[in-house]
Amino acid sequence: MLRIVDGYLEMDDVNLYELAKSYGTPLIVFSEHRILENLEAVNDLKKIYSRLGIYYAVKACSNISILKIVRSANLGVEVSSIGELFKACVAGFKADNIIFNGPAKRLREIEVAVRLGVKCINVDSASELVKISHVASRLNKPVDIALRLDVPVKSSGIAIRSTGTKFGVDVRDIDGLIDFILKSRYLNLIGLHAHVGSQNTCLDSWIKSAEFLSSIYSMIESRGIKLNHINLGGGLPVDYAHEAQDIPPIFKPSVSDHEIVKLVTDTLRRNIGDVEVYLEPGRRIIANTSLLLSSIEAIKLKNGEKWLIIDAGWNVLNSVRVLRWYYEIASVNKANARELSKYRIGGPLCDGNDVFHDLQGESQGNPILPRYRLLPKYLEVGDVIAILDVGAYLLDLMNNFNGYLKPEVLMIRLNRDVVSIRSREKLIDLVVGEVDAEGLREAYKVLKMMGYEEG
Ligand code: PLP
Numbered sequence: 001m002l003r004i005v006d007g008y009l010e011m012d013d014v015n016l017y018e019l020a021k022s023y024g025t026p027l028i029v030f031s032e033h034r035i036l037e038n039l040e041a042v043n044d045l046k047k048i049y050s051r052l053g054i055y056y057a058v059k060a061c062s063n064i065s066i067l068k069i070v071r072s073a074n075l076g077v078e079v080s081s082i083g084e085l086f087k088a089c090v091a092g093f094k095a096d097n098i099i100f101n102g103p104a105k106r107l108r109e110i111e112v113a114v115r116l117g118v119k120c121i122n123v124d125s126a127s128e129l130v131k132i133s134h135v136a137s138r139l140n141k142p143v144d145i146a147l148r149l150d151v152p153v154k155s156s157g158i159a160i161r162s163t164g165t166k167f168g169v170d171v172r173d174i175d176g177l178i179d180f181i182l183k184s185r186y187l188n189l190i191g192l193h194a195h196v197g198s199q200n201t202c203l204d205s206w207i208k209s210a211e212f213l214s215s216i217y218s219m220i221e222s223r224g225i226k227l228n229h230i231n232l233g234g235g236l237p238v239d240y241a242h243e244a245q246d247i248p249p250i251f252k253p254s255v256s257d258h259e260i261v262k263l264v265t266d267t268l269r270r271n272i273g274d275v276e277v278y279l280e281p282g283r284r285i286i287a288n289t290s291l292l293l294s295s296i297e298a299i300k301l302k303n304g305e306k307w308l309i310i311d312a313g314w315n316v317l318n319s320v321r322v323l324r325w326y327y328e329i330a331s332v333n334k335a336n337a338r339e340l341s342k343y344r345i346g347g348p349l350c351d352g353n354d355v356f357h358d359l360q361g362e363s364q365g366n367p368i369l370p371r372y373r374l375l376p377k378y379l380e381v382g383d384v385i386a387i388l389d390v391g392a393y394l395l396d397l398m399n400n401f402n403g404y405l406k407p408e409v410l411m412i413r414l415n416r417d418v419v420s421i422r423s424r425e426k427l428i429d430l431v432v433g434e435v436d437a438e439g440l441r442e443a444y445k446v447l448k449m450m451g452y453e454e455g
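Per this note's numbering, the very first residue in the sequence shown carries number 1; after that it's consecutive.
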């Protein structure tokens with residue numbers, strides 16, 4: 001995977017500095033090898049409990065090449081919009097391997113899901129149940145549904161809150177919902193769904209969620225409905241910390257997938273027997289399969305602190321700002337340097353929050369992220385750094401703030417071929433859709449004037 005050869009960082013035997021220089025930065029690089037390794041690891045969880053179904057959460061990374069690799073490992077997918085459903089189908093997933101989630105499904109989306117015959121629609125509210133019932137009866141097509149519940153447990157985590165969220169139906173409403181379902185000829189209630197939190201390192205919350213869902217499961221079965229699965233959502237955690245100290249334990253999980261699956265399935269088996277159990281991991285499958293290469297554009301000393309200003313900020317890595325997420329950072333072309341310095345790191349955006357430390361927390365006296373990163377003492381403008389484990393919630397959260405273009409995405413294939421799996425945006429993309437045909441012609445003229453030949 002990652003190793004240092006002659007002072008350069010390599011991924012799957014490919015020199016990352018050479019990639020950065022030939023493709024330009026920012027540059028995102030995925031490892032097919034690592035994705036396959038992760039898929040094998042989650043498939044292996046079936047050895048702990050054979051009735052385990054794994055549905056990759058497309059929201060974690062919806063790139064078509066990546067979805068195709070996920071499909072090759074025989075996983076299903078969880079989608080939460082017509083866009084994700086479309087991409088899953090383009091990647092070759094069959095409807096009966098797709099779970100449809102989300103709190104605001106529009107009539108049109110429900111209609112498509114019912115027509116295609118998705119495996120299950122996870123119902124998020126009473127009003128959605130009514131919509132699904134109308135659509136199914138209009139199409140004269142029965143539909144399999146599960147109820148999403150807002151389980152009353154707290155998980156660990158910074159940006160992760162489980163109770164009192166906007167998601168799911170209120171437990172106190174279940175009786176009424178069951179009455180409605182029992183009256184419908186088109187609604188087949190087949191399961192229960194919950195998602196306690198992403199990067200859920202809190203074993204206790206996994207167990208409490210399983211216990212809570214089993215009690216509702218039994219209650220529903222006592223009303224004469226035979227359910228067939230419990231879906232515990234996503235949240236399998238990932239190690240982001242590596243060697244880093246003094247960062248919140250959530251980034252360094254002390255629980256393994258195996259422990260989580262064993263304890264959860266033991267709990268369910270004890271309470272309701274050998275039910276099918278679904279998981280919807282996103283992060284666990286894709287987070288540590290990718291890194292972001294970024295060039296140093298400026299180095300400055302301010303108030304006695306050294307700053308690196310790099311060419312990727314929250315326009316590329318949005319979760320640093322939104323979730324105050326921790327990512328390890330390493331030198332790419334001075335990877336053997338022995339003398340290190342402490343740096344503050346900022347991105348290119350004209351926004352004071354575009355930094356890799358926790359500005360907000362620092363001002364309140366409780367920062368979550370470290371103020372400094374240790375990197376080679378003698379860095380220069382043009383040197384390249386790698387931000388590690390960025391694969392989850394990266395591509396789907398990128399944006400064009402400040403007129404920055406979304407970077408190219410590469411994948412190192414198993415045979416070490418390097419292929420582009422998403423092209424770098426061009427300047428012209430910033431105006432397409434905002435101008436008419438005449439405006440587009442003008443825009444190309446402006447590009448020419450600026451010396452950008454984009455074709
Ligand atoms: N399932 C649901 C319903 C979610 O809301 C999420 C993430 O928010 C996931 C699955 C994926 O979570 P993770 O990437 O932490 O595994």
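Glycine residues also receive a C-beta, built at the ideal position from the N, C-alpha and C atoms.
Same chain, Cβ closer than 8 Å to residue i, neighbours up to 5 away in sequence not counted
i      : result
ILE190 : CYS120, ASP144, ILE145, ALA146, LEU227, ASN228 and HIS229
GLY164 : ASP150
HIS33  : MET1, ASP12, ILE412 and LEU414
GLY439 : VAL431
GLU380 : ILE296 and ILE299
ALA241 : ILE247, PHE251, LYS252, TYR326 and GLU328
Other residues of its chain near residue i: CB distance less than 6 Å, five sequence neighbours each side excluded
i      : result
ARG3   : GLU10
LEU395 : CYS61 and ASN63
ALA95  : LEU116, GLY117 and VAL118
ASP311 : THR25, PRO26, SER294, SER295, GLU297 and PRO348
ASN15  : TYR8
ARG441 : none
LYS87  : SER62
Residue i: first and last residue of the uninterrupted alpha helix (DSSP H) it sits in
i      : result
ILE54  : That residue, ILE54, is in no alpha helix (DSSP H); its beta strand (DSSP E) goes 52-57.
VAL381 : Unbroken run through VAL381: none, as it is neither H nor E.
ASP144 : Premise fails: ASP144 lies in the beta strand (DSSP E), 143-148, not in any alpha helix (DSSP H).
SER363 : 359-364
VAL42  : 32-44
Whether residue i touches residue j by CB criterion (7 Å)
i      : j      : result
HIS193 : ASN122 : yes
GLU280 : ALA57  : yes
GLY282 : ALA392 : yes
ILE296 : ASP354 : no
LYS407 : LEU27  : The question names Lys, but residue 407 is Pro in the sequence shown. In this structure, LEU27 lies closer than 7 Å to PRO407 by Cβ.
LEU427 : TYR404 : no
ILE368 : ARG422 : no
LYS46  : LEU52  : yes
LYS300 : GLU339 : no
LEU388 : GLU328 : yes
VAL118 : PHE93  : no
PHE167 : PRO103 : yes
PRO237 : THR201 : yes
ARG471 : ASP175 : This structure does not reach residue 471, given that the chain is present from 1 up to 455, and the question cannot be answered.
THR289 : SER31  : yes
GLY7   : ASN336 : yes
VAL419 : ALA386 : no
TYR444 : TYR278 : no
VAL70  : ILE98  : no
Three-state secondary structure assigned by DSSP to residue i
i      : result
VAL261 : helix
VAL320 : helix
TYR372 : coil
LYS306 : strand
GLU425 : coil
TYR17  : helix
GLY347 : coil
ALA95  : helix
TYR8   : strand
MET411 : strand
HIS134 : helix
ARG3   : strand
LYS448 : helix
GLU462 : Outside the displayed range of the chain (1 to 455) lies residue 462, so it cannot be described from this structure.
PHE356 : coil
ASP399 : Before going on, a small fix: residue 399 reads as Asn here, not Asp. Coil at ASN399, not helix or strand.
ASN101 : coil
LYS87  : helix
Close Cβ partners of residue i (< 7 Å) along its chain, the five nearest in sequence each way excluded
i      : result
GLU221 : LEU227
SER65  : MET411 and ILE421
LEU263 : LEU203, TRP206 and ILE207
ASP436 : none
GLU496 : Summary: the structure shown does not reach residue 496, with the chain confined to residues 1 through 455, and so no result is reported for it.
Closer than 7 Å to chain B by CB, residue i
i      : result
VAL322 : Within the model displayed, chain B is absent; a lone protein chain is all it includes.
For residue i, the first and last residue of its enclosing beta strand (DSSP E)
i      : result
VAL79  : 76-79
ALA330 : 329-331
Those runs of the beta strand (DSSP E) which lie wholly inside the region 161-219 and span at least 3 residues:
187-193
Note down, one range per segment and in chain order, each beta strand (DSSP E) of at least 3 residues found wholly within the region 231-281.
276-279
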